[in-house]
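Per the working numbering, the sequence shown starts with residue 2, numbered consecutively.
Idealized CB from N, CA, C, for every residue including glycine.
Beneath this line is the structure, given in structure tokens, with notes to follow.
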Amino acid sequence: MRQHLETGPIILITSQHGSRSNIMTLGWHTMLQFSPALVGCYIWEGNESRDLIQRSGECVINVPTAEIADQVVEIGNRHARDGDKFEATGLTRRSGKVVAAPLLDECYASFECRLYDDAMVANYGFFIWEVLKAHVASVEAPRTLHYRGNGTFMAAGRELSFTERFRPENL
């Protein structure tokens, strides 16, 4: 099932509460609506980032590309108790405009988010975020990573455009 239904690109979620910060790899997320811009994410209860996120009520969703696949895998296979993941992977933190959690310079897109709805967190670990600020570099057809299960990823390939065939309200 994972090889065929896994959601969109792998993301790196950064979080901070007080002096503690963390970064995690995540593949289970979905767009929910456009106005306000809402994103849903599943975050496992045993993850250190979940504690920071619940305490702060905010995070940054960072979108990496295939160029940093090694760091993405390292983050996903490392626990916060093993040490600072930012230092271990060499990723660069940058302050955001709205939330305390850091943005990652190596990611082409970063979305500063505030917790919008936590009604499904206790039962399902599902957080609903409102995107407050988007930072997106001008990158044509970014090669995002998509998890295929069993330790394999696929990098986005050739872009296909059907823009002229879409109704404006469906874009």
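For a test of the three-state rule: what should DSSP assign to residue i, helix, strand or coil?
{"i": "isoleucine 129", "result": "strand"}
{"i": "isoleucine 62", "result": "strand"}
{"i": "isoleucine 11", "result": "coil"}
{"i": "serine 162", "result": "coil"}
{"i": "aspartate 71", "result": "helix"}
{"i": "aspartate 83", "result": "helix"}
{"i": "alanine 110", "result": "strand"}
{"i": "asparagine 23", "result": "strand"}
{"i": "alanine 123", "result": "helix"}
To which residues of the same chain is residue i closer than 7 angstroms at the C-beta, ignoring the five residues directly before and after it?
{"i": "aspartate 119", "result": "Phe128"}
{"i": "threonine 90", "result": "Gln72, Glu75 and Ile76"}
{"i": "glutamate 131", "result": "Pro37, Ala38, Leu39, Cys114, Arg115 and Tyr117"}
Considering residue i, what are the terminal residues of the beta strand (DSSP E) in which it resides?
{"i": "arginine 144", "result": "Note, arginine 144: premise wrong, no beta strand (DSSP E); not H, not E."}
{"i": "isoleucine 54", "result": "Element bounds for isoleucine 54: not the beta strand (DSSP E) but the alpha helix (DSSP H), 49 to 57."}
{"i": "alanine 101", "result": "Careful: alanine 101 lies outside any beta strand (DSSP E) and carries neither H nor E."}
At which residues does the alpha helix (DSSP H) containing residue i begin and terminate?
{"i": "glycine 41", "result": "Looking at the DSSP string, glycine 41 is not in any alpha helix (DSSP H); the run it does join, the beta strand (DSSP E), is 39 to 43."}
{"i": "phenylalanine 87", "result": "86 to 90"}
How would you call residue i, buried or exposed, if buried means at least 16 neighbouring beta carbons within 10 angstroms?
{"i": "leucine 161", "result": "exposed"}
{"i": "threonine 145", "result": "buried"}
{"i": "lysine 86", "result": "buried"}
{"i": "tyrosine 125", "result": "exposed"}
{"i": "serine 111", "result": "buried"}
{"i": "serine 50", "result": "buried"}
{"i": "tryptophan 45", "result": "exposed"}
Could you tell me which of the options sits nearest to residue i, measuring between CA atoms?
{"i": "leucine 116", "options": "Ile54, Arg82, Ala138 and Ile69", "result": "Ile54"}
{"i": "glutamate 59", "options": "Glu141, Asp83, Val40 and Asn171", "result": "Val40"}
{"i": "phenylalanine 154", "options": "Val140, Ser111, Glu68 and Asn63", "result": "Glu68"}
{"i": "valine 140", "options": "Tyr148, Pro65 and Gly150", "result": "Pro65"}
{"i": "isoleucine 12", "options": "Ser22, His80 and Trp29", "result": "Trp29"}
Once you ignore the five residues that flank residue i on each side, which residues in its own chain have a CB closer than 6 angstroms to its CB?
{"i": "glutamine 17", "result": "Ala101 and Ala102"}
{"i": "lysine 134", "result": "Lys98, Val99 and Glu113"}
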